[in-house]
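Notes follow the structure.
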Amino acid sequence: DTEVTQTPKHLVMGMTNKKSLKCEQHMGHRAMYWYKQKAKKPPELMFVYSYEKLSINESVPSRFSPECPNSSLLNLHLHALQPEDSALYLCASSQAVSSEAFFGQGTRLTVV
Amino acid sequence: TQLLEQSPQFLSIQEGENLTVYCNSSSVFSSLQWYRQEPGEGPVLLVTVVTGGEVKKLKRLTFQFGDARKDSSLHITAAQPGDTGLYLCAGLMEYGNKLVFGAGTILRVKS
Chain F
1 DTEVTQTPKH
11 LVMGMTNKKS
21 LKCEQHMGHR
31 AMYWYKQKAK
41 KPPELMFVYS
51 YEKLSINESV
61 PSRFSPECPN
71 SSLLNLHLHA
81 LQPEDSALYL
91 CASSQAVSSE
101 AFFGQGTRLT
111 VV
Chain H
113 TQLLEQSPQF
123 LSIQEGENLT
133 VYCNSSSVFS
143 SLQWYRQEPG
153 EGPVLLVTVV
163 TGGEVKKLKR
173 LTFQFGDARK
183 DSSLHITAAQ
193 PGDTGLYLCA
203 GLMEYGNKLV
213 FGAGTILRVK
223 S
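So the protein sequences, as listed, match chains F and H.
Residue 85 in the numbering used here sits at position 85 of the first sequence; the count goes up by one each step and never skips.
If you want the numbering used here, it's the 1-based position in the second sequence plus 112.
Now the structure itself:
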């Protein structure tokens, strides 16, 4: 099983809303990631969690807040987003930060 | 400057033609992954190459890792419309802890 599950698949939110993206994996992977992807561009790394601790924050604005409640779950809390934050948000996991990554299906986020 | 240069950016070919996508860098990678992504979906891992000079085959797809582990190529034989998508190479730096992506190659195979 190489499945990373993301919910919801689509999300439309207003600039004053608070919402959360969820990601789950049951492969026993100890590294989890959030990426942002614009159309026809490669994914851009946002955050890396290793053993449930935040190890990399790629200078992401504070309106994006990650959370890793346990080794299988990764959340991304969203608050006061801007229209330019509209993108495909991808979660990924790997056995360790030095291993190949498996991606979820993504959440298509539209900020209105 | 892109750490991992991927080319070509766009490729539109007829069904049955062959093609090669390249990823090049001046840096050494401990491993390199190739992904294929369809619109609105997440990238799907095709292959991981680890050893310099390694060649891996996946049906009509052949992946090669350079001897010095600085470059890689993806060759598709007899392309089919189902091969259409965004192809991404991504490398793990030798002393790093995150994936470096190439810019991607948008492939369109016309029937």
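Cβ atoms here follow ideal geometry from the backbone N, Cα and C, with glycine treated the same way.
Beta carbon of residue i nearer than 7 Å to that of residue j
i      : j      : result
H:S137 : H:L116 : yes
F:E84  : F:N75  : no
F:E25  : F:S93  : Residue 25 of chain F is actually Gln in this sequence, not Glu. Yes, they are a contact pair.
H:A190 : H:L131 : no
F:Y35  : F:L90  : yes
H:R181 : H:V140 : yes
H:V161 : H:F175 : yes
F:P61  : H:F213 : no
F:L45  : F:E58  : yes
Helix, strand or coil at residue i according to DSSP, with G and I counted as helix
i      : result
F:P83  : helix
H:P155 : coil
H:D183 : strand
H:G214 : coil
H:G194 : helix
F:H10  : strand
H:G203 : strand
F:L67  : Going by the sequence as given, residue 67 of chain F is Glu instead of Leu. Strand, per DSSP.
F:K19  : strand
F:N75  : strand
F:K38  : coil
F:E44  : strand
H:W150 : The question names Trp, yet the displayed sequence has Glu at residue 150 of chain H. Of the three classes helix, strand and coil, the one that applies to H:E150 here is coil, per DSSP.
F:Y33  : strand
H:N130 : coil
H:L221 : According to the sequence shown, residue 221 of chain H is Val rather than Leu. Here H:V221 sits in strand by DSSP.
F:N57  : strand
Closer than 6 Å: residue i CB and nearest the ligand ADP heavy atom
i      : result
H:Q145 : Although the ligand ADP was asked about, the structure shown includes no ligands whatsoever.
Top-ranked residue by Cα proximity to residue i, from the options
i      : options                        : result
F:T110 : F:A31, F:A39, F:E3, F:C91      : F:A39
F:V4   : H:Q126, H:Q121, H:W146, H:G154 : H:G154
H:E206 : H:F213, H:S142, H:T174         : H:S142
F:S55  : F:H29, F:V97, F:T7, F:A101     : F:V97
F:A47  : H:G152, H:V221, H:K210         : Checking the sequence shown, residue 47 of chain F turns out to be Phe, not Ala. Considering only alpha carbons, the answer is H:K210.
H:G203 : H:Q118, H:F177, H:Q145, H:S124 : H:Q145
F:T107 : F:M27, F:H77, F:E100, F:S99    : F:H77
F:D20  : F:Y49, F:Q6, F:R30, F:P61      : Reading the sequence as shown, one finds Ser at residue 20 of chain F and not Asp. The residue with the shortest Cα to Cα distance from F:S20 is F:Q6.
H:E150 : H:P193, H:S223, H:F213, H:V212 : H:P193
F:A31  : F:K53, F:P8, F:K41, F:F64      : F:K53
H:G164 : H:G152, H:S185, H:R148         : H:S185
F:K9   : F:Y51, F:N17, F:K22            : F:K22
Cβ neighbour criterion (16 or more within 10 Å) applied to residue i
i      : result
H:V133 : buried
F:Y33  : buried
H:D179 : exposed
F:M15  : exposed
H:L170 : exposed
H:E127 : exposed
F:V112 : exposed
F:H102 : Reading off the sequence, residue 102 of chain F comes out as Phe, not His. Under this definition F:F102 is a buried residue.
H:Q118 : buried
H:V221 : buried
In chain order, what residues of the stretch 155-168 of chain H put their CB closer than 7 Å to some CB of chain A? Included in the structure are the protein chains F and H, with no chain A among them.
Within the chosen definition, does the stretch 214-221 of chain H reach the stretch 187-204 of chain H through at least 3 CB pairs nearer than 8 Å? yes
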